[in-house]
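The sequence shown begins at 632 in our numbering and counts up one residue at a time.
For glycine and all other residues, C-beta sits at the position ideal for the given N, C-alpha and C.
Written out below as structure tokens is the structure these notes cover.
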Amino acid sequence: PARGPFCFFPWGEREHRAPTFNLLVNVGGMEMLHWANASFGAVPEGAVESCPDEDVFVARTPYGLGKVVKEQRAAFAVLDGEELWFKWYQVLAAEPGPSNVTIADVVYDTSGAVLSAE
Numbered sequence: 632p633a634r635g636p637f638c639f640f641p642w643g644e645r646e647h648r649a650p651t652f653n654l655l656v657n658v659g660g661m662e663m664l665h666w667a668n669a670s671f672g673a674v675p676e677g678a679v680e681s682c683p684d685e686d687v688f689v690a691r692t693p694y695g696l697g698k699v700v701k702e703q704r705a706a707f708a709v710l711d712g713e714e715l716w717f718k719w720y721q722v723l724a725a726e727p728g729p730s731n732v733t734i735a736d737v738v739y740d741t742s743g744a745v746l747s748a749e
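Okay, here's the thing in structure tokens:
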């Protein structure tokens with residue numbers, strides 16, 4: 632927030648910023664996400680894509696969030712405006728299989744409901 636409403640990301644050996652971006656939000660913890668250890672461009676099953684048109688995934692490095700690029704066999708993050716690469720990193724992934732989620736205290740807003748004879 633101190634640097635403004637931008638997404639900062641590594642690309643082409645330096646830091647870039649974008650004023651428009653998508654933000655991953657896991658409302659209510661409905662998706663069972665975890666950080667999985669990986670290396671050399673590998674990603675686990677269920678890895679979260681950050682760029683669906685390319686093999687780029689959400690990464691976590693010792694210096695913060697970044698990206699994994701399978702083709703380049705590394706993860707990338709930014710430090711002091713420069714892109715750094717990492718051969719060992721973590722990848723954000725969804726847990727495989729069914730989730731054990733409990734939903735309670737459900738309240739329906741019926742103020743706009745219309746009775747029908749059907």
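Please state whether the Cβ-Cβ distance between residue i and residue j is less than 9 Å.
| i | j | result |
| --- | --- | --- |
| V722 | L715 | no |
| P727 | E680 | no |
| F671 | R704 | yes |
| E702 | D686 | yes |
Near residue i, which residues of its chain fall below 7 Å by C-beta distance, leaving aside the five closest residues on each side in sequence?
| i | result |
| --- | --- |
| F597 | Absent from the structure is residue 597, since the part of the chain shown begins at 632 and ends at 749. |
| N668 | Q721 |
Got a sec? Which residues, its chain only, sit under 8 Å from residue i by beta carbon, not counting five neighbours each side?
| i | result |
| --- | --- |
| C682 | K698 |
| W666 | R691, Q721, V722, L723 and A724 |
Roughly how many angstroms lie between the CA atoms of residue i and residue j, to the nearest whole one?
| i | j | result |
| --- | --- | --- |
| L693 | S742 | The sequence given here has Pro at residue 693, not Leu. One C-alpha to the other measures close to 50 Å. |
| R625 | D711 | Residue 625 lies beyond the residue range present for the chain, which begins at 632 and ends at 749; the question has no answer from this structure. |
| E713 | A744 | 55 Å |
| V674 | T733 | 29 Å |
| L654 | S747 | 40 Å |
| D736 | M663 | 21 Å |
| A641 | A633 | According to the sequence shown, residue 641 is Pro rather than Ala. Rounded to the nearest angstrom, the two C-alpha atoms are 19 Å apart. |
Among residues of its own chain, excluding the 5 on either side of residue i, which ones have a beta-carbon nearer than 6 Å to its beta-carbon?
| i | result |
| --- | --- |
| A706 | A690, T692, G697, V699, F717 and Y720 |
| A678 | F688, V722 and A724 |
Using only the heavy atoms of the ligand HEM, determine whether one of them is closer than 8 Å to the beta carbon of residue i.
| i | result |
| --- | --- |
| A706 | In terms of ligand content, the structure shown is empty, and the ligand HEM therefore cannot be addressed. |
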